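Everything on this sheet refers to the single structure shown next.
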Amino acid sequence: MKKQRSFKEQKGTLYLVPTPIGNLEDMTFRSVKTLREVQLIASEDTRNTQKLLNHFEITVPQKSLHEHNYKERIPQLITLLKDGKNIAQVSDAGMPSISDPGHELVVACIEEDIPVVSLPGATAGLTALIASGLVPQPNYFYGFLARKKKEQIQELTELMYQSATMIFYESPYRLGATIRNMVEVFGPNRQAVICRELTKIHEEYLRGTLQELAEYLAETSVKGECCLMVEGSAESAPEEDEGTLMEQIEALLTTGIKPNDAIKEVAKKNGLKKQIVYNEFHGIH
């Protein structure tokens, strides 16, 4: 167990700073202040972040931190933090680590007892969800699905009986194919909402069944960043047939569990008295 007192430490601190997902006015006062006061900004794309820094007249230097260089970059950042430097981490848009780089640095800081402070701010998934009209809670954030159809169908099949409203991110170029795959797996009648260009001048919500959205996208191309939300399943997953009592016991025995413990577990799982399962195992009738 580890305990972090976020604002009592004297060593360097990693600040996770959300950036606007489109509208620069969504940058919080605290986020701007933090970016001005740290000694370094770790950015997913320094060129993209520089535009944000220029807008708010922030002159703090940057270092890139992305999926291609994090293994060599993280030790460098950890050294700076241990030396007392404060670092802000940002992604191109929204929250660091949410479908963006960042998680590995957070884990490294926790392992080294370096404070990690997360600032609240823009995030596309929940922002779109609360205006979607779909049930906002519980919700299940998935992010990006696999690109290849076979892998995506497999992922969607695993989500078939998810009861919470599901939140996905998707490229406008793959959106039509993804929704057709959802029709194939979830069926045509699930309610779904596409939100595109969130917080920008061309922000748009498309609401309907999966089939209606698939038909619309077959005739109309969409542009911009897209968030796709799909209502959860009203049906529960069918119970799997785990076999006879004897088969269940034998399956547990292959894991190395003792016979008496296996009997006890099978009895509990099936809502039976232990003696009944014991008799079955030993052939006592």
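Just so we're aligned, residue 3 is where the sequence shown starts under the numbering used here, counting upward by one.
No residue lacks a Cβ here, since even glycine has one placed at the ideal position from N, Cα and C.
Model, not experiment: these values are computed from the prediction.
{"Check": "So for MET184, helix, strand or coil by DSSP?", "Outcome": "helix"}
{"Check": "According to DSSP, what are the bridge partners of GLY210?", "Outcome": "ALA194"}
{"Check": "Starting from the Cα of GLN64, find the closest Cα among ASN50, GLU227 and HIS70 and give me that residue.", "Outcome": "ASN50"}
{"Check": "Residue range of the alpha helix (DSSP H) that ILE112 falls in?", "Outcome": "105 to 113"}
{"Check": "Please state the DSSP three-state secondary structure of ILE89.", "Outcome": "strand"}
{"Check": "Count the other CB atoms, across all protein chains shown, that sit within 10 Å of the CB of GLY135; report buried if there are 16 or more and exposed otherwise.", "Outcome": "exposed"}
{"Check": "Looking at MET168: is its Cβ nearer than 7 Å to the Cβ of TYR144?", "Outcome": "yes"}
{"Check": "For ARG182, I'd like the list of residues in its chain whose CB is within less than 8 Å of its CB, leaving aside the five on either flank, ordered along the chain.", "Outcome": "ALA216"}
{"Check": "Check whether the Cβ atoms of CYS229 and ALA130 lie closer than 7 Å to each other.", "Outcome": "yes"}
{"Check": "From ASP28 to ILE80, what does the alpha carbon distance come to, in whole angstroms?", "Outcome": "30 Å"}
{"Check": "So the beta strand (DSSP E) GLU282 belongs to, where does it begin and stop?", "Outcome": "Per DSSP, GLU282 belongs to no beta strand (DSSP E); it is in the alpha helix (DSSP H), 276 to 284."}
{"Check": "Counting only the same chain and skipping the five closest in sequence on each side, list residues whose C-beta sits under 7 Å from that of PRO98.", "Outcome": "LEU18, GLN91, VAL92 and GLY104"}
{"Check": "Quickly, what does DSSP pair SER120 with across the bridge? List them, please.", "Outcome": "LEU18"}
{"Check": "Count the CB pairs spanning the region 220 to 227 and the region 171 to 178 that are closer than 8 Å, and state whether there are at least three.", "Outcome": "yes"}
{"Check": "In angstroms with no decimal places, state the Cα-to-Cα distance between GLU186 and GLU214.", "Outcome": "13 Å"}
{"Check": "Which same chain residues, not among the five before or five after LEU219, have their C-beta less than 8 Å away from its C-beta?", "Outcome": "LEU177, GLY178 and ILE181"}
{"Check": "CA-CA distance, ASN56 and ALA44?", "Outcome": "16 Å"}
{"Check": "Per DSSP, what kind of secondary structure is TYR72 in: helix, strand or coil?", "Outcome": "helix"}
{"Check": "Taking 8 Å as the threshold, find out whether the region 116 to 130 comes into contact with the region 146 to 156 through three or more Cβ pairs.", "Outcome": "no"}
{"Check": "Which residue from GLN139, ARG198 and GLU199 puts its Cα closest to that of ALA166?", "Outcome": "GLN139"}
{"Check": "Output the distance between the C-alpha atoms of SER33 and GLY234, rounded to the nearest integer angstrom.", "Outcome": "34 Å"}
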